[in-house]
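Engineer: This is the structure I want to talk about, given as structure tokens.
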Amino acid sequence: MCLVEVEGGPPKPVASCAMPVAEGMVIHTDTPKVKKAREGVLEFLLINHPLDCPICDQGGECDLQDITMAYGKGTSRLDEHKRAVPKKHFGPLIETAMNRCIHCTRCVRFLSDVAGTNELGGIGRGENVEISTYIKKAY
Numbered sequence: 044m045c046l047v048e049v050e051g052g053p054p055k056p057v058a059s060c061a062m063p064v065a066e067g068m069v070i071h072t073d074t075p076k077v078k079k080a081r082e083g084v085l086e087f088l089l090i091n092h093p094l095d096c097p098i099c100d101q102g103g104e105c106d107l108q109d110i111t112m113a114y115g116k117g118t119s120r121l122d123e124h125k126r127a128v129p130k131k132h133f134g135p136l137i138e139t140a141m142n143r144c145i146h147c148t149r150c151v152r153f154l155s156d157v158a159g160t161n162e163l164g165g166i167g168r169g170e171n172v173e174i175s176t177y178i179k180k181a182y
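Okay, so the sequence shown: first residue is 44 according to the numbering used here, each after it adds one.
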């Protein structure tokens, strides 16, 4: 959802969270092209996300709900079965609800940038990506 247009840059929107800032760079955050790209990203985020907001612990305080209200169309062109991901045990201090994970990597970045440890990361690609420990990947 961090897509932006870079003046004089690539022809399609780029992820601002993964692009280094440069001197004199001109960024556009609210163009029709950016809005359309964000709608597409949101549609893919919601494919496997359970739509049970009224009973969710984050109901009303959810970033995904806020983003859906801002960019969502309310309907999807895609009719896919939602995948079920079991809860993972990462220790006594981390609570997971992997069915609700949208792979934003906020938890990974928190551990890396704040806690100073790189124990979590994304493994797999595409629809098989999941947040896990790198130890699991070795087995």
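In this text, a Cβ means the ideal position worked out from N, Cα and C, and glycines have one as well.
Being a predicted model, the structure only gives us computed values, none of them experimental.
Cys144 and Ile174 look like a contact to me (Cβ under 8 Å); what is the Cβ gap, rounded to whole Å?
Structural biologist: Here residue 144 refers to the residue found at position 101 of the sequence shown. Here residue 174 refers to the residue found at position 131 of the sequence shown. Correct: roughly 6 Å between the Cβ atoms.
Engineer: Does DSSP put Ile186 in a helix, a strand or coil?
Structural biologist: Outside the modelled stretch of the chain, which goes from 44 to 182, sits residue 186, for which no answer is possible.
Engineer: Rounded to whole angstroms, what's the CA-CA distance from Leu154 to Thr176? Just pull it up for me.
Structural biologist: Locating residue 154 in the sequence shown gives position 111, where the first residue counts as 1. Locating residue 176 in the sequence shown gives position 133, where the first residue counts as 1. If you take the alpha carbons of Leu154 and Thr176, they lie about 12 Å apart.
Engineer: On a CA-only basis, which of Glu82, Leu107, Ala80 is nearest Leu94? Give me that one, please.
Structural biologist: Position 51 of the sequence shown, counted from the first residue, corresponds to residue 94. Closest by alpha carbon: Leu107.
Engineer: Can you give the Cα-Cα distance for Gly159 and Leu46, rounded to whole angstroms?
Structural biologist: As a working mapping, residue 159 is identified with position 116 in the sequence shown. As a working mapping, residue 46 is identified with position 3 in the sequence shown. Approximately 27 Å between the Cα atoms of the pair.
Engineer: Give a single yes or no on whether Pro97 has its beta carbon closer than 7 Å to a heavy atom of the ligand ZN.
Structural biologist: No copy of the ligand ZN occurs in the structure displayed, which carries no ligand at all.
Engineer: If we call anything under 8 Å between Cβ atoms a contact, is Glu50 one with His71?
Structural biologist: As a working note, residue 50 is residue 7 in the sequence shown. As a working note, residue 71 is residue 28 in the sequence shown. It is a contact, given that the beta carbons lie within the stated cut-off.
Engineer: Taking the alpha helix (DSSP H) that Gly83 belongs to, which residues open and close that run?
Structural biologist: Translated into positions along the sequence shown, residue 83 becomes position 40. Looking at the DSSP string, the run of the alpha helix (DSSP H) that includes Gly83 is 75–88.
Engineer: Going by DSSP, what residues sit across from Ser59 in a beta bridge?
Structural biologist: Position 16 of the sequence shown, counting from 1, holds the residue named residue 59. Ser59 pairs with nothing; no bridge assigned.
Engineer: Would you kindly work out how many angstroms separate the C-alpha atoms of Gly165 and Asp156, rounded to a whole number?
Structural biologist: By one-based count along the sequence shown, residue 165 stands at place 122. By one-based count along the sequence shown, residue 156 stands at place 113. So the alpha carbons of these two residues sit roughly 16 Å apart.
Engineer: Name, in chain order, the residues that DSSP records as bridge partners for His71.
Structural biologist: Counting from one through the sequence shown, the residue named residue 71 turns up at place 28. Paired residue(s): Glu48.
Engineer: At the level of alpha carbons, what is the spacing between Met44 and Lys76?
Structural biologist: In the sequence shown, counting from the first residue as 1, residue 44 sits at position 1. In the sequence shown, counting from the first residue as 1, residue 76 sits at position 33. Distance between the alpha carbons of Met44 and Lys76 is about 13 Å.
Engineer: Pick helix, strand or coil for Ile137, following the three-state DSSP scheme.
Structural biologist: Here residue 137 corresponds to residue number 94 of the sequence shown, with the count starting at 1. Coil, per DSSP.
Engineer: Can you have a look at Arg168 and say buried or exposed, based on whether 16 or more other CB atoms are within 10 angstroms of its CB?
Structural biologist: Within the sequence shown, numbered from 1, the residue matching residue 168 stands at position 125. When all chains shown are included, Arg168 counts as exposed.
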